[in-house]
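Numbering-wise (the working numbering), the sequence shown opens with residue 23 and increments by one.
Yeah, the Cβ is synthetic: ideal placement off N, Cα and C, and Gly gets one too.
A quick note: this is a predicted structure, and the numbers were derived from the prediction, not measured.
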Amino acid sequence: MNIFVGSLPFSIDEADLRDSFGVYGAVESVKIITDKFTGRSKGFGFVEMTNDEEALKAIQELNGATVEGRTIVVNKSEPKPEGERRSFNNNRSGGGYGNNRGGSSNYGGGNNRGGRY
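Laid out in structure tokens, this is it:
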């Protein structure tokens, strides 16, 4: 079972998280999500446990627990429906900013129908 763990202290590492869940059963994997630019924890992660019964016990016991002064959130991870995923690149033309559909990144000239200022 895949488990979401949120509101984590930024100082906690994957070994600490593995130890916390390992008390309840076998932990298959642990992943703390980090910022791709800074490498700093985003304060949440995922733990995968092989036995669903042990995973449910861990969720029940750890949800609302205090870790380094923070109350953590622990629940079963549900995959996000495909339609809810957002793309951060709405630029279909390949140049310019925003939704510039003119095909040019030249702001004042050319055939730039969507982005002329």
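{"Check": "When Gly28, Gly44, Val95, Glu76 are compared against Thr56, the one with the closest alpha-carbon", "Outcome": "Gly28"}
{"Check": "Cβ neighbours of Ile81 in the same chain (closer than 7 Å, five flanking residues each side left out)", "Outcome": "Ile25, Val96, Asn97, Lys98"}
{"Check": "Candidates Val49, Phe68, Arg92, Gly86, of which the one nearest Pro16 by Cα", "Outcome": "Summary: the structure shown does not reach residue 16, with the chain confined to residues 23 through 139, and so no result is reported for it."}
{"Check": "Between the CA atoms of Leu78 and Asn85 - distance to the nearest angstrom", "Outcome": "10 Å"}
{"Check": "Nonlocal neighbours in the same chain, by C-beta distance under 8 Å from Glu50, ignoring five residues either side", "Outcome": "Glu70, Met71, Thr72"}
{"Check": "One or two residues paired with Met23 in a DSSP bridge", "Outcome": "Partner(s): none; Met23 has no beta bridge."}
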